[in-house]
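Following: one structure in structure tokens, then a few remarks.
Residue numbers (the numbering used here): 28 to 150.
Put into structure tokens, the structure is as follows:
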């Protein structure tokens, strides 16, 4: 699609934000679990709350990115002109990497290069 590289980059950005949020949740949960299991751990919940609050913020950014990308792609798919513009790009992508034109079947196999043979070797 048109601007496919940018769309893919935004999708990767949102996915990374979700991964970061997941890690922050894990840190928050681990911190509270440690407080319950170990006497020498941080017993205050502020650290865990901080991680979880950061996770909420990060998930919010990911949601905004996903929403913006979904709206952009929906508008593009809803437009007949844009779909017609994207069709050649989609066909090239489906053909595979490095393929620029449909391949035609070969009627004869390629010939192997012949090594130079000296007249003495021919006898």
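Cβ atoms here follow ideal geometry from the backbone N, Cα and C, with glycine treated the same way.
Sub-8 Å separation of residue i and residue j beta-carbons
i	j	result
residue 39	residue 86	no
residue 73	residue 51	no
residue 28	residue 119	no
Simplified DSSP assignment, three categories, for residue i
i	result
residue 135	Legend: pLDDT at residue 135 = 48, less than 50; position of this residue unreliable, no value from coordinates given.
residue 30	coil
residue 81	helix
residue 50	helix
residue 61	helix
residue 72	coil
residue 140	Reliability fails at residue 140, whose pLDDT of 49 lies under 50, so the model's placement of it is uncertain and the value that follows must be treated cautiously. If DSSP states are grouped into helix, strand and coil, residue 140 belongs with coil.
residue 113	helix
residue 87	helix
Burial state of residue i (16 or more Cβ within 10 Å)
i	result
residue 95	exposed
Minimum C-alpha distance to residue i - residue among the options
i	options	result
residue 55	77, 64, 97, 29	77
residue 84	28, 32, 45, 34	45
residue 75	121, 112, 31, 59	59
residue 79	61, 67, 53	53
heavy atom of the ligand COA below 7 Å from residue i C-beta
i	result
residue 96	The ligand COA is not among the ligands present in this structure, which contains no ligands whatsoever.
Close-in-space but distant-in-sequence residues of the same chain around residue i (CB under 6 Å, 5 per side omitted)
i	result
residue 41	89, 92, 93
residue 31	none
residue 36	none
C-beta neighbour in chain D for residue i, strict 8 Å
i	result
residue 123	Within the model displayed, chain D is absent; a lone protein chain is all it includes.
Beta-carbon proximity list for residue i, same chain, < 8 Å, skipping 5 on both sides
i	result
residue 110	103, 104
residue 34	28, 96, 99, 100
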